[in-house]
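*Asks:* This structure is in structure tokens; I'll ask about it shortly.
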Amino acid sequence: MSLVLSLVFFGLLVLSVPVAHTLVIASGASLWADGALPLLLVVQQMFAQTQSFPLLALPFFVLAGELMMTGKLGQGLIGFASATVGHYRGGLASTTVVGSVVFGGVSGSAVSDASALGSVLIPWQKREGYPAGFAAANNAAAATIAILIPPSIPMILYALVSNVSVGALFVAGVLPGLMLAAGFLLVCNVSARLRGFPVTHQRLARGEVWGLALRALPALAMPVLILACLRFGVATPTEVSVMAVLYALVVATFIYRDMTIARFLGALVNSGRATGVVMLVIMASAAVGWIMTFVQAPQAFAAWATGTLQQPWLILLAMNAIMLGAGMFIDLPAAILLLGPIFVPLAQSIGLDLVQLGVIMVLNLAIGLYTPPVGTTLFISTTIARVPILRATVELLPFYAVGLTVLLLFSYFPGLTMRF
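Just add 36 to the spot in the sequence shown (first one is 1) and you have this note's numbering.
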């Protein structure tokens, strides 16, 4: 059964069939080939996966991000990011990184971040004399900070398959997100000095900077409020996601006063589409996960890894290699939902904390988002910059070095994983 599942799955991926459809077809084909189980199991498992109260946090966080990233608030965030680092060498490139940090605290989606920031900042950077390939590479890599800074949609998906607290994962994602940001800022600064990128902005007066900070404060406060509510038990993650939507509506309606019926309906449609895409992958992966559990594939893999590699550090290195490879070919949500059930038992067998595993998994798959051949943020950024993927990939080399360094630190130094 598992052989048929694997052959059909990878065969359809090679044919560029969408991942969600691939998962459904592969699970159905494996049950049909076995003949002992009814095909109706696929539908049952897909439906059962939707009956999860914590999963309701997903559409509400997406909607909150849609409401807050558009309009005057998004402009205020970009203005604040530019005022903070725009006057330094490589400041325009650094604006993308700082913008990703503050946008990440709103959207929780690397794809949304890459699209929203890239459409504004990449053309601006090109006009000011930055190489198009570097602008695209910077945007593609920086956008992945959004899936570590809470609220993080991938963290919610990992919590679904590992039964780990969403709040604990949100807290643990803050430090690696900030470390990636610091590393990417260093890349921007050093690249600008070595390659003579232009300095286009003068330092703003302190009063102007404080004014921009005050304008962006409602968005900057959102991740802090989310973590505070979770840390002190004010609400569950699902309840916090609903509160985030109400917060976004209040901010847009009464503070920025740019909320309209048309904008609200547009945010509903966009968030519905985004949620639908992710939910289809979640539902389809449930059928595959059930089949893998039925044939005891996770237990078999854990037994093989511990018996063959033996040393925990080697097992962890192999897990990282598998996750990096998977991230290059499979979209992030599908990769988490497929690899999570396999790696959770293995992590428990070697004494690896499951919160730490969540951080490691998201870091690995974040690198995959800007790595060919299926790098989503890379494709978005190169399309906006109108530059070949190969040119952007060459510019990504120092960003890969930063990402892998942070990954290794969180893999082998458990103390870096923050706890409640």
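Ideal placement from N, C-alpha and C gives every residue a C-beta, glycine not left out.
What whole-angstrom Cβ distance do V147 and I181 have, given they're in contact under 8 Å?
*Replies:* Within the sequence shown, numbered from 1, the residue matching residue 147 stands at position 111. Within the sequence shown, numbered from 1, the residue matching residue 181 stands at position 145. Not really, about 13 Å apart at Cβ, beyond 8 Å.
*Asks:* Measuring straight from C-alpha to C-alpha, what distance separates P501 and Q392?
*Replies:* Residue 501 lies beyond the stretch modelled for the chain, which goes from 37 to 456, so this question has no answer here.
*Asks:* Is it buried or exposed for I297, if we count other Cβ within 10 angstroms and need 16 for buried?
*Replies:* Indexing the sequence shown from 1 puts residue 297 at position 261. Per the 10 Å Cβ criterion, exposed.
*Asks:* Less than 7 Å between the beta carbons of I95 and T419, yes or no?
*Replies:* Within the sequence shown, the letter at position 59 stands for residue 95. Within the sequence shown, the letter at position 383 stands for residue 419. The amino acid occupying residue 95 in the given sequence is Pro; Ile does not appear at that position. No. Outside cutoff.
*Asks:* Is the CB-CB distance between T412 and L401 below 7 Å?
*Replies:* If you number the sequence shown from 1, residue 412 lands on position 376. If you number the sequence shown from 1, residue 401 lands on position 365. Against a cut-off of 7 Å, the Cβ pair of L401 and T412 comes out as no contact.
*Asks:* When DSSP labels each residue in this structure, what does Q347 get in the three-state scheme?
*Replies:* Position 311 of the sequence shown, counted from the start, is the residue given in the question as residue 347. Note: Q347 maps to coil in three-state DSSP.
*Asks:* Taking the alpha helix (DSSP H) that T413 belongs to, which residues open and close that run?
*Replies:* The residue labelled residue 413 in the question sits at position 377 within the sequence shown. Residues 412 to 421.
*Asks:* To the nearest angstrom, how far is it from the Cα of S385 to the Cα of R229?
*Replies:* In the sequence shown, counting from the first residue as 1, residue 385 sits at position 349. In the sequence shown, counting from the first residue as 1, residue 229 sits at position 193. Cα to Cα, S385 sits roughly 47 Å from R229.
*Asks:* Quick check: the Cα distance between R309 and T344, rounded to an integer number of angstroms?
*Replies:* Position 273 of the sequence shown holds residue 309. Position 308 of the sequence shown holds residue 344. Using only the alpha carbons, I get a separation of about 44 Å.
*Asks:* Which runs of the beta strand (DSSP E) at least 3 residues long sit entirely within the stretch 156 to 241? Give them in chain order.
*Replies:* none
*Asks:* For the alpha helix (DSSP H) that P392 lies in, which residues bound it at each end?
*Replies:* For this step, residue 392 is matched to residue 356 along the sequence shown. Here residue 392 turns out to be Gln, not Pro, going by the sequence shown. From DSSP, the alpha helix (DSSP H) with Q392 extends over 390 to 405.
*Asks:* Going by beta carbon distance, what residues of the same chain come within less than 8 Å of P348, once the five residues before and after it are set aside?
*Replies:* The residue given as residue 348 occupies position 312 in the sequence shown. Excluding residues within five positions, the ones whose Cβ falls inside 8 Å are I386, G387, L388.
*Asks:* For L221, which residues in the same chain have their Cβ closer than 8 Å to its Cβ, ignoring the five residues on either side in sequence?
*Replies:* As a first step, residue 221 must be located in the sequence shown, where it is residue number 185. Cβ neighbours of L221 beyond the five flanking positions: V121, S130, V133, V134.
*Asks:* With DSSP collapsed to three states, give me the class of L248.
*Replies:* On the sequence shown, position 212 is the one that residue 248 refers to. L248 falls in the helix class under three-state DSSP.
*Asks:* Apart from the five residues on each side of it in sequence, which residues of its chain come closer than 6 Å, Cβ to Cβ, to Q161?
*Replies:* Within the sequence shown, residue 161 is the residue found at index 125, counting from 1. Cβ neighbours of Q161 beyond the five flanking positions: L128, A171.
*Asks:* Find out if the Cβ-Cβ distance for the pair L211, M454 is shorter than 7 Å.
*Replies:* As a working mapping, residue 211 is identified with position 175 in the sequence shown. As a working mapping, residue 454 is identified with position 418 in the sequence shown. Going by C-beta atoms, L211 is nearer than 7 Å to M454.
*Asks:* What residue does the alpha helix (DSSP H) around R427 start on, and which one ends it?
*Replies:* Here residue 427 refers to the residue found at position 391 when the sequence shown is read from its first residue. Counting along the chain, the alpha helix (DSSP H) containing R427 begins and ends at 425 to 431.
*Asks:* Quick check: what's the CA-CA separation for Y194 versus G232?
*Replies:* Counting from 1 along the sequence shown, the entry for residue 194 is found at position 158. Counting from 1 along the sequence shown, the entry for residue 232 is found at position 196. Taking the Cα positions, Y194 is about 42 Å away from G232.
*Asks:* Can you give me the start and stop residues for the alpha helix (DSSP H) that M82 sits inside?
*Replies:* Locating residue 82 in the sequence shown gives position 46, counting from the first residue. First-last of the alpha helix (DSSP H) with M82: 76 to 85.
*Asks:* Is it the case that the Cβ atoms of A271 and M104 are separated by a distance below 7 Å?
*Replies:* In the sequence shown, residue 271 corresponds to position 235, counting from 1. In the sequence shown, residue 104 corresponds to position 68, counting from 1. No, Cβ-Cβ distance for A271 and M104 is not below 7 Å.
*Asks:* To the nearest whole angstrom, what separates the beta carbons of L375 and F446, a pair I think is in contact under 8 Å?
*Replies:* Position 339 of the sequence shown holds residue 375. Position 410 of the sequence shown holds residue 446. Not really, about 17 Å apart at Cβ, beyond 8 Å.
*Asks:* Any chance the stretch 82 to 89 sits against the stretch 314 to 334, with 3 or more Cβ pairs inside 8 Å?
*Replies:* yes
*Asks:* Smallest Cα separation from A72: which of G154, S188, F330, V50?
*Replies:* In the sequence shown, counting from the first residue as 1, residue 72 sits at position 36. The option with the nearest alpha carbon to A72 is F330.
*Asks:* Which residue wins for smallest C-alpha separation from L440, given the options M359, G302, I192, P369?
*Replies:* Taking the sequence shown and counting its residues from 1, the one referred to as residue 440 is at position 404. For L440, the nearest C-alpha among the options comes from M359.
*Asks:* Measure the C-alpha to C-alpha separation of A176 and R422 and round it to an integer number of angstroms.
*Replies:* Position 140 of the sequence shown, counted from the start, is the residue given in the question as residue 176. Position 386 of the sequence shown, counted from the start, is the residue given in the question as residue 422. Rounded to whole angstroms, A176 to R422 spans 13 Å at the Cα level.
*Asks:* Is the CB-CB distance between P74 and T274 below 7 Å?
*Replies:* Numbered from 1 along the sequence shown, position 38 holds the residue referred to as residue 74. Numbered from 1 along the sequence shown, position 238 holds the residue referred to as residue 274. Result no, Cβ atoms of P74 and T274 do not sit closer than 7 Å.
*Asks:* For the alpha helix (DSSP H) that I378 lies in, which residues bound it at each end?
*Replies:* The count along the sequence shown starts at 1 and reaches residue 378 at position 342. Unbroken alpha helix (DSSP H) run through I378: 368 to 385.
*Asks:* When you compare the CB positions of M258 and V442, do they come within less than 7 Å of one another, or not?
*Replies:* On the sequence shown, position 222 is the one that residue 258 refers to. On the sequence shown, position 406 is the one that residue 442 refers to. No.
*Asks:* Cβ of V44 within 7 Å of Cβ of A65?
*Replies:* On the sequence shown, residue 44 is found 8 positions in, with the first residue counted as 1. On the sequence shown, residue 65 is found 29 positions in, with the first residue counted as 1. Yes. Within cutoff.
*Asks:* Please go through the same chain and pick out, in chain order, the residues whose beta-carbon is closer than 8 Å to the beta-carbon of S88, but skip the five residues on each side of it.
*Replies:* Residue mapping note: residue 88 aligns to position 52 of the sequence shown, counting from 1. If we look at S88 and ignore the five residues flanking it on each side, its Cβ neighbours are L196.
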